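Counting from 1, one number per residue, gives the positions in the sequence shown under full-length UniProt numbering. Cβ atoms here follow ideal geometry from the backbone N, Cα and C, with glycine treated the same way. Given the structure is predicted, the values throughout are model-derived calculations rather than measurements.
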Amino acid sequence: MLLVVMKNPPSSDLRTRRHIGTHTKSSLPQSNFYHKSFEFRQNAKAFYTDGSKSPEGAVGAAVYSPELEGSIKHKLPPETSIFSAELWAIYQAILAIFDLNFPKSVIFSDSRSALDALQNSSKVQRNYIVYQIRKAYLDIIDKGNEVTLFWVPAHSGIPGNELADQEANLAAIEGYKPDFKVPYEDLLVESRARADKQFQEYMEEVSRTKGTRYFEQFHTISKKTWFHESSLSREEIVLINRLRSNHINVNESLHRVNMTELSMRRPPSDNKSFNLPLQ
Numbered sequence: 001m002l003l004v005v006m007k008n009p010p011s012s013d014l015r016t017r018r019h020i021g022t023h024t025k026s027s028l029p030q031s032n033f034y035h036k037s038f039e040f041r042q043n044a045k046a047f048y049t050d051g052s053k054s055p056e057g058a059v060g061a062a063v064y065s066p067e068l069e070g071s072i073k074h075k076l077p078p079e080t081s082i083f084s085a086e087l088w089a090i091y092q093a094i095l096a097i098f099d100l101n102f103p104k105s106v107i108f109s110d111s112r113s114a115l116d117a118l119q120n121s122s123k124v125q126r127n128y129i130v131y132q133i134r135k136a137y138l139d140i141i142d143k144g145n146e147v148t149l150f151w152v153p154a155h156s157g158i159p160g161n162e163l164a165d166q167e168a169n170l171a172a173i174e175g176y177k178p179d180f181k182v183p184y185e186d187l188l189v190e191s192r193a194r195a196d197k198q199f200q201e202y203m204e205e206v207s208r209t210k211g212t213r214y215f216e217q218f219h220t221i222s223k224k225t226w227f228h229e230s231s232l233s234r235e236e237i238v239l240i241n242r243l244r245s246n247h248i249n250v251n252e253s254l255h256r257v258n259m260t261e262l263s264m265r266r267p268p269s270d271n272k273s274f275n276l277p278l279q
């Protein structure tokens, strides 16, 4: 009964059913993969899992098994994060292992973040899929069967992993749509992204009639203020902001609010020369 996560540095939070390797990605190249995983693949059914999300928002999760010569492809809602897609793929592999009642199985995943979340029982996980996987895993163990989760480096030419990647990309386009509930954290990220986009569109629209010069010269798309790393005092920040926005007591600024007349002619005094003492 073994749950393996390839990680560096080793975690100090290990349960009796969990062990951890200390191999980094550089110490586990393609040429070494089969040697490192031989113990876990011996007499076991192998399952490779992967999640995919395109720039257009198409999300897929897939499981590929070379021994079974088949795959599971699920198309998930566009709000789903790649993290949740990776977890969902692992969950589908766990369910398949439970249903098929294999005595020994190994699940390969290239998502360290997903495996870290499954392994770290001391941290409260906000993604419900983590707990579904843990429960299904324990159900397999209770039947007297063995399942191992094993990290594999992505895009290293390992056939099973490469095929799982291809299947995940296909799943995002033509996969079966399961009864999937998008984790609330994914929805929160999506809602924030939409709010940011709507705010930017609003700013661009308003800048056509208000604060046009300031928008052209100073506006940047950022969630942080221009002074977030400065040591300026509040008074200095206020002064600079007024200068940047041209809200200062000079003729040009006062003229814009109809508080003075703006003359383009230079007064006679401007023709005088001034000698300013320099220290």
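Query                                                                                                                                                                          : Result
Less than 8 Å between the C-beta atoms of residue 280 and I221, yes or no?                                                                                                     : The question about residue 280 has no answer here: the residues shown for the chain are numbered 1 through 279.
Label G157 either buried or exposed according to how many other C-beta atoms from any shown protein chain fall within 10 Å of its C-beta, with 16 as the threshold for buried. : exposed
Ignore the nearest five residues each way along the sequence and tell me which others in E167's own chain have a CB closer than 6 Å to its CB.                                 : A62, Y64, S71 and K73
Classify E79 as helix, strand or coil using the three-state DSSP reduction.                                                                                                    : coil
Label Q119 either buried or exposed according to how many other C-beta atoms from any shown protein chain fall within 10 Å of its C-beta, with 16 as the threshold for buried. : buried
Would you report the Cα separation of L80 and A46, rounded to the nearest angstrom?                                                                                            : Per the sequence shown, residue 80 should be read as Thr rather than Leu. Approximately 26 Å between the Cα atoms of the pair.
Expressed to the nearest angstrom, what Euclidean distance is found between the alpha-carbon atoms of F38 and W226?                                                            : 54 Å
DSSP state of A58, grouped into three classes?                                                                                                                                 : coil
From the DSSP output, in three-state form, read off T220 for me.                                                                                                               : coil
CA-CA distance, D99 and S207?                                                                                                                                                  : 60 Å
Give the single residue among A89, A44, Y176 and K123 whose Cα lies nearest to the Cα of L145.                                                                                 : One detail in the question is off: residue 145 reads as Asn in this sequence, not Leu. Ranking the options by Cα distance to N145, first place goes to A44.
DSSP on F227, reduced to helix/strand/coil?                                                                                                                                    : coil
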